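Here the protein sequences come in this chain order: A and B.
Residue numbers for the first sequence follow the numbering used here, beginning at 1 and rising by one.
Residue numbers for the second sequence follow the numbering used here, beginning at 1 and rising by one.
Yeah, the Cβ is synthetic: ideal placement off N, Cα and C, and Gly gets one too.
On a predicted model such as this, the values are computed, not experimentally measured, just so you know.
There are 2 protein chains.
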Amino acid sequence: MGDRSGPIGGESLLFLTDEQLRQGIEAMFFAYRGFTADPDRILEGMAYGRAHHRAIHFINRAPGTTVNNLLSILGVTKQSLNRVLRTLIEDGLVESRVGRMDKRERHLFLTDAGRELESRLSDAQRTRMRAAFRDAGPEAVIGFRSVLEAMMDPDMRRKYRALKESSS
Amino acid sequence: MGDRSGPIGGESLLFLTDEQLRQGIEAMFFAYRGFTADPDRILEGMAYGRAHHRAIHFINRAPGTTVNNLLSILGVTKQSLNRVLRTLIEDGLVESRVGRMDKRERHLFLTDAGRELESRLSDAQRTRMRAAFRDAGPEAVIGFRSVLEAMMDPDMRRKYRALKESSS
DNA sequence: GTTGGAAAGTCAACAAAGCTGACATATCAT
DNA sequence: ATGATATGTCAGCTTTGTTGACTTTCCAAC
Chain A
1 MGDRSGPIGG ESLLFLTDEQ LRQGIEAMFF AYRGFTADPD RILEGMAYGR AHHRAIHFIN
61 RAPGTTVNNL LSILGVTKQS LNRVLRTLIE DGLVESRVGR MDKRERHLFL TDAGRELESR
121 LSDAQRTRMR AAFRDAGPEA VIGFRSVLEA MMDPDMRRKY RALKESSS
Chain B
1 MGDRSGPIGG ESLLFLTDEQ LRQGIEAMFF AYRGFTADPD RILEGMAYGR AHHRAIHFIN
61 RAPGTTVNNL LSILGVTKQS LNRVLRTLIE DGLVESRVGR MDKRERHLFL TDAGRELESR
121 LSDAQRTRMR AAFRDAGPEA VIGFRSVLEA MMDPDMRRKY RALKESSS
């Protein structure tokens with residue numbers, strides 16, 4: 001695996017050199033830290049962590065989602081999710097309603113308190129994202145999203161797009 | 001915090017709506033999973049994890065770096081890093097040399113075996129990044145990187161840029 | 001109607017990787 | 001000599017992931 005920018009017809013492929021790729025990799029690493037930093041700060045001290053944030057986010061995004069569906073979005077085991085969900089339900093942030101069609105299923109909703117926390121967390125995260133988007137400009141945002149989308153596993157890309165369309 | 005795309009003079013700010021920001025947030029979440037998936041697969045089964053990968057990556061990137069410097073890049077405690085570093089040194093992937101100027105410092109290097117693993121891991125990660133870059137195109141790559149850079153904490157941005165310049 | 005399998009929940013045990021606090025050692029700098 | 005710095009180590013804890021085994025509930029098909 002050497003450098004990919006051979007002296008072929010293409011300075012057009014300069015963006016695919018190993019050095020460019022490595023910079024992309026490191027940018028992902030450092031940026032993800034910033035991405036999670038603000039919600040993490042809010043959650044520390046409360047009995048919650050990043051896993052709770054993720055659950056709250058996606059329940060808010062798709063109210064009434066089933067446990068199984070949430071499981072497939074989050075990509076963790078049901079035991080792991082259940083531990084998180086149980087504390088959120090006990091604390092009155094999430095409500096779990098037995099399905100009407102299929103009573104085995106549980107449909108998840110945020111309570112008022114849940115929505116309150118969700119909005120604190122996502123305000124913080126959006127504020128940083130907004131600043132980054134504004135600094136970088138609309139063109140860059142398009143590029144940002146299309147690289148990220150191309151980086152996802154096909155499975156996740158499908159779920160990402162389904163979520164996008166659900167809010168149109 | 002409401003939607004930011006008021007009917008002011010600006011369709012120019014359409015990319016800053018809450019919906020756009022939320023899509024950016026979810027894109028980060030799903031893409032990061034893809035980003036780490038391939039190295040994770042290689043490491044599972046070996047006695048190593050993501051933390052070992054990160055240490056190996058940055059030692060390779062800046063050979064001879066001190067423990068303290070690595071600490072500040074990774075943003076973890078010395079106890080946490082030490083656990084990782086100890087196994088890597090024991091297993092002969094990393095070499096720790098006493099500093100010549102300041103004998104308190106340890107300078108870290110990859111051994112041949114270390115470089116071998118590093119290259120397996122980063123080949124996998126680069127392959128995915130390369131595919132994503134190629135799919136999205138050079139314009140998108142510029143945007144991708146500039147949004148990520150804007151998303152970093154200032155501290156991390158400094159470190160990211162220092163690494164970039166060190167390989168010019 | 002009984003039964004097989006799916007959805008959900010639970011218990012137990014464990015692992016990776018972060019954390020704090022306390023302390024030891026070697027070395028540098030004053 | 002003294003204090004600060006760099007590193008390493010021990011012990012214990014937390015969060016969040018894992019597997020495996022098991023139960024309860026319920027739909028659907030036979």
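{"Item": "Top-ranked residue by Cα proximity to R115 of chain A, from A:E105, A:H57, A:H107", "Value": "A:H57"}
{"Item": "Partner residues on chain A for D112 of chain B, Cβ-Cβ distance less than 8 Å", "Value": "Those within 8 Å of D112 of chain B in chain A number zero; the least Cβ separation is about 17 Å."}
{"Item": "Cβ contact (3+ pairs, closer than 8 Å) linking the stretch 117-132 of chain A and the stretch 125-138 of chain B", "Value": "no"}
{"Item": "Contact with chain A by M1 of chain B, beta-carbon distance below 8 Å", "Value": "Caution is warranted here: a pLDDT of 48 is assigned to M1 of chain B, below 50, making its placement in the model unreliable, and the coordinate value is therefore given only provisionally. Yes, M1 of chain B counts as interfacial toward chain A."}
{"Item": "Chain B within 8 Å of P63 of chain A, Cβ atoms only", "Value": "no"}
{"Item": "Inter-residue CB distance, A31 of chain B and L14 of chain A (contact presumed, cutoff 8 Å)", "Value": "Contact doesn't hold; Cβ gap of about 23 Å is too wide."}
{"Item": "Nearest neighbour of S167 of chain A, chosen from A:S72, A:R61, A:Q79 [CA to CA]", "Value": "A:R61"}
{"Item": "Supposed close pair M151 of chain B, Y160 of chain B - CB separation, criterion 8 Å", "Value": "That belief does not hold up - the Cβ atoms of M151 of chain B and Y160 of chain B are roughly 11 Å apart, past 8 Å."}
{"Item": "The stretch 102-119 of chain A contacting the stretch 98-114 of chain B, beta-carbon criterion three pairs below 8 Å", "Value": "no"}
{"Item": "Between the CA atoms of S72 of chain B and K164 of chain A - distance to the nearest angstrom", "Value": "37 Å"}
{"Item": "Span of the alpha helix (DSSP H), counted from its first residue to its last, around E165 of chain B", "Value": "154-166"}
{"Item": "Spatial distance of L70 of chain A from D102 of chain A (CA atoms)", "Value": "17 Å"}
{"Item": "Cross-chain neighbours of I25 of chain B in chain A, by beta carbon under 9 Å", "Value": "F35, H57, S122, Q125, R126, M129"}
{"Item": "Neighbourhood of D97 of chain B by C-beta distance below 6 Å, restricted to the same chain and skipping five residues each side", "Value": "Residue identity differs from the one stated: residue 97 of chain B is Arg in this sequence, not Asp. Excluding positions up to five away in sequence, the list reads H107."}
{"Item": "Enclosing beta strand (DSSP E) for E105 of chain A [first to last residue]", "Value": "Here E105 of chain A belongs to no beta strand (DSSP E), and DSSP marks it neither H nor E."}
{"Item": "Alpha carbon of T169 of chain A to alpha carbon of A55 of chain A, nearest angstrom", "Value": "Summary: the structure shown does not reach residue 169 of chain A, with chain A confined to residues 1 through 168, and so no result is reported for it."}
{"Item": "Closer than 8 Å to chain B by CB, F109 of chain A", "Value": "no"}
{"Item": "One or two residues paired with R97 of chain A in a DSSP bridge", "Value": "A:H107"}
{"Item": "D38 of chain A, buried or exposed, once every other Cβ within 10 Å from all chains shown has been counted against 16", "Value": "buried"}
{"Item": "Chain A within 8 Å of E19 of chain B, Cβ atoms only", "Value": "yes"}
{"Item": "6 Å CB neighbourhood of S80 of chain B in its chain, flanking five on each side removed", "Value": "none"}
{"Item": "DSSP state of T17 of chain B mapped onto helix, strand, coil", "Value": "coil"}
{"Item": "Contact list for G143 of chain B against chain A, beta-carbon separation under 7 Å", "Value": "A136, E139, A140, V141, I142, G143, F144"}
{"Item": "Pairwise C-alpha distance: D18 of chain A and G2 of chain A", "Value": "Confidence at G2 of chain A is low in this model, with a pLDDT of 46, below 50, so its placement is unreliable and no value can be given for it."}
{"Item": "With 16 other Cβ atoms within 10 Å as the buried cut-off, status of S12 of chain B", "Value": "exposed"}
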